[in-house]
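Per our numbering, the very first residue in the sequence shown carries number 1; after that it's consecutive. Positions of the beta carbon are idealized from the N, C-alpha and C atoms, including for glycine. Below is one structure, written out as structure tokens; the observations come after it.
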Amino acid sequence: MNSFGRIFKVEIFGESHGESVGVIVGGCPPGIELCEDDFMTDLTKRQPGQKGTTKRIEKDIPHIKSGVFNMRSTGSPIMIEFYNENRESGDYEQFKTKPRPGQADFAADKKFKGFNDYRGGGHFSGRLTVGLVAAGVIAKKILKDIEIKTRILEIGGSQNYQDKLNEAISEGDTLGGIIECFVCNVPIGLGEPFFDSIESVISHLVFSIPSVKGIEFGKGFESAGMKGSEYNDTLLDLSGRTKTNNCGGITGGLSNGNQIIFRAALRPPSSILKSQMTINAVTGKEEELSVKGRHDVCAALRARIIIESVTAAGICDLLLINRIYGLK
Ligand SMILES: Cc1cc2nc3c(=O)[nH]c(=O)nc-3n(C[C@H](O)[C@H](O)[C@H](O)COP(=O)(O)O)c2cc1C
1 MNSFGRIFKV EIFGESHGES VGVIVGGCPP GIELCEDDFM TDLTKRQPGQ KGTTKRIEKD
61 IPHIKSGVFN MRSTGSPIMI EFYNENRESG DYEQFKTKPR PGQADFAADK KFKGFNDYRG
121 GGHFSGRLTV GLVAAGVIAK KILKDIEIKT RILEIGGSQN YQDKLNEAIS EGDTLGGIIE
181 CFVCNVPIGL GEPFFDSIES VISHLVFSIP SVKGIEFGKG FESAGMKGSE YNDTLLDLSG
241 RTKTNNCGGI TGGLSNGNQI IFRAALRPPS SILKSQMTIN AVTGKEEELS VKGRHDVCAA
301 LRARIIIESV TAAGICDLLL INRIYGLK
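Given below as structure tokens:
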């Protein structure tokens, strides 16, 4: 239930303040060159440090526990573990009785009958995304020429967001953001009709990133207001290249020879210093809550590489599925 993929399977484990977090990647073909150093560039991109990100800095050293021998994948599941070494769990005790509005605290407590590890958001924490980034590193080795890029389009509704960020920080508040992703050099015909359409696979994975609340491909929601004559992407040549790319490089769920383009919307983190009201889970009475501890003011500031990584995992899975058609 906590995994995704038909062939290239990604399974994450751990809790924010537990001993470790990590990922198990199944279905990786044998013989792929892999060592701990390969992960460092992408892992560093996810780390906090810049303004508006959490003060909790973990070393994020990947420990490859299985599936790699003599610096090559063996074909068996690859397990990568990251130790949690910078934990301050005390700040989270109050959320057991005072669930944070907008967080998973309340729903998770009910679902898991109070047995869930709530410290630092437990299994729901953004900390778990370190495993997704590690999976992406492996996937990218299989993607070869396919390139995945992202950019932040806006934070808190603004393209020039530094003032907004400063304002949110000084108010003890948080901000959301929109990230745009481009996938280039995708062979035509990747993706399956209906259930494993490229949109379905990418959406499933992108929605696995905590905070993501929306996704649109190409013109997305704007396309609903367009005429067919405006929307249709005219073919320019037999490479599949089109004059416009309103459908974001995907038609019928399949890649069509153009760049795949999508945008993901991330909501503002729920943990705000600013005072808010909640319900005490024991007394049922309304109480004031101010969230202390170390939190990201805006998760979107760290999410670019996470989006790139899950996209790589999804495209990799579709590439491996495509081998049934004899395509490489
Ligand atoms: C990289 C990253 C960092 C995050 N940091 C925080 C944080 O510091 N505080 C917080 O309340 N939520 C943070 N979140 C968001 C929560 O994990 C998320 O809102 C929560 O699990 C509820 O899930 P939902 O937003 O998908 O409903 C972060 C998410 C990501 C991807």
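Chain-order list of residues whose beta-carbon lies under 6 Å from that of residue i (same chain, five-residue window excluded)
i: GLY27; result: ILE7, PHE8 and LYS9
i: LEU153; result: ILE178 and GLU180
i: HIS17; result: ARG87, SER89, ARG119 and GLY120
i: SER76; result: GLY67
Closest by C-alpha distance to residue i, when choosing among the options
i: ILE32; options: PHE69, ALA300, SER20 and PRO48; result: PHE69
i: HIS123; options: ALA134, GLU287, ILE307 and GLU11; result: GLU11
i: SER200; options: PRO269, VAL310 and GLY177; result: VAL310
i: ILE78; options: ILE57, TYR92 and SER66; result: SER66
i: GLN47; options: GLY225, GLY131, ILE80 and ALA313; result: GLY131
i: GLY157; options: ASP42, ARG267, GLY52 and ARG323; result: ARG267
i: ALA228; options: THR244, SER239 and ILE215; result: Rather than Ala, the amino acid found at residue 228 in this sequence is Gly. Of THR244, SER239 and ILE215, the residue nearest in Cα terms is THR244.
i: ALA313; options: THR97, ARG294 and VAL183; result: VAL183
i: ILE57; options: ARG127, PRO99, MET71 and SER73; result: ARG127
i: SER334; options: GLU36, THR97 and GLY102; result: Residue 334 lies beyond the range of the chain shown here (1 to 328); nothing can be said about it.
i: MET277; options: ILE202, LYS149, LYS45 and ARG100; result: ARG100
i: MET71; options: ALA303, PRO30 and ILE315; result: PRO30
i: SER203; options: ALA265, ASN185 and PHE112; result: ALA265
Residue i - containing alpha helix (DSSP H), residue span
i: VAL10; result: Element bounds for VAL10: not the alpha helix (DSSP H) but the beta strand (DSSP E), 9-14.
i: TYR231; result: 228-231
i: VAL297; result: No alpha helix (DSSP H) holds VAL297; DSSP gives it neither H nor E.
i: PHE95; result: 94-97
i: LEU289; result: From DSSP, LEU289 is part of no alpha helix (DSSP H) but of the beta strand (DSSP E) over 286-289.
i: ILE138; result: 129-143
i: LEU43; result: 40-46
i: GLU167; result: 162-171
Residue range of the unbroken beta strand (DSSP E) whose run includes residue i
i: PHE106; result: Run containing PHE106: none in the beta strand (DSSP E); it sits in the alpha helix (DSSP H), 105-111.
i: GLU149; result: The amino acid at residue 149 is misidentified as Glu; the sequence shows Lys. Note, LYS149: beta strand (DSSP E), 147-155.
i: VAL212; result: 212-217
i: SER203; result: Per DSSP, SER203 belongs to no beta strand (DSSP E); it is in the alpha helix (DSSP H), 198-206.
i: GLY22; result: 20-26
i: VAL183; result: 177-184
Cα-Cα separation, residue i to residue j
i: ILE155; j: GLU230; result: 29 Å
i: SER275; j: VAL291; result: 8 Å
i: ILE64; j: GLU81; result: 7 Å
i: SER223; j: ARG263; result: 14 Å
i: ASP105; j: LYS140; result: 34 Å
i: THR242; j: ASN232; result: 9 Å
i: TYR325; j: SER208; result: 29 Å
i: ASP237; j: ASP60; result: 46 Å
i: ILE215; j: PRO193; result: 19 Å
Own chain, CB closer than 7 Å to residue i, minus 5 neighbours either side, in chain order
i: SER3; result: LYS9, VAL10 and GLU11
i: GLY136; result: ASP42, GLU308, SER309, VAL310, ALA312 and ALA313
Residue i at chain B interface by Cβ criterion, 8 Å
i: GLY191; result: Although the question refers to chain B, the structure presented lacks it and comprises just one protein chain.
Same chain only: Cβ atoms within 8 Å of residue i, ignoring 5 sequence neighbours per side
i: ASP196; result: ARG6, GLY253, LEU318 and ILE321
i: THR174; result: ALA168, PRO268, PRO269, SER270, SER271, ILE272, HIS295, ASP296, VAL297 and CYS298
i: THR54; result: PRO48, ARG294, HIS295 and ASP296
i: MET365; result: Nothing about residue 365 can be reported from this structure: the residues present for the chain run from 1 to 328 only.
Take every Cβ of the stretch 176-192, pair it with every Cβ of the stretch 253-270, and state whether three or more of those distances are shorter than 8 Å.
-> yes
Given 8 Å, three or more beta-carbon pairs between the stretch 242-252 and the stretch 166-176 | no
Touch check for the stretch 299-306 and the stretch 215-231: three-plus C-beta pairs under 8 Å?
-> Using a C-beta cut-off of 8 Å, the stretch 299-306 makes no contact with the stretch 215-231, since fewer than three inter-stretch Cβ pairs fall below that distance.
Would you check if the stretch 114-128 and the stretch 84-94 touch, i.e. whether three or more CB-CB distances between them fall below 8 Å?
-> Yes: the two stretches touch, three or more of their Cβ pairs being nearer than 8 Å.
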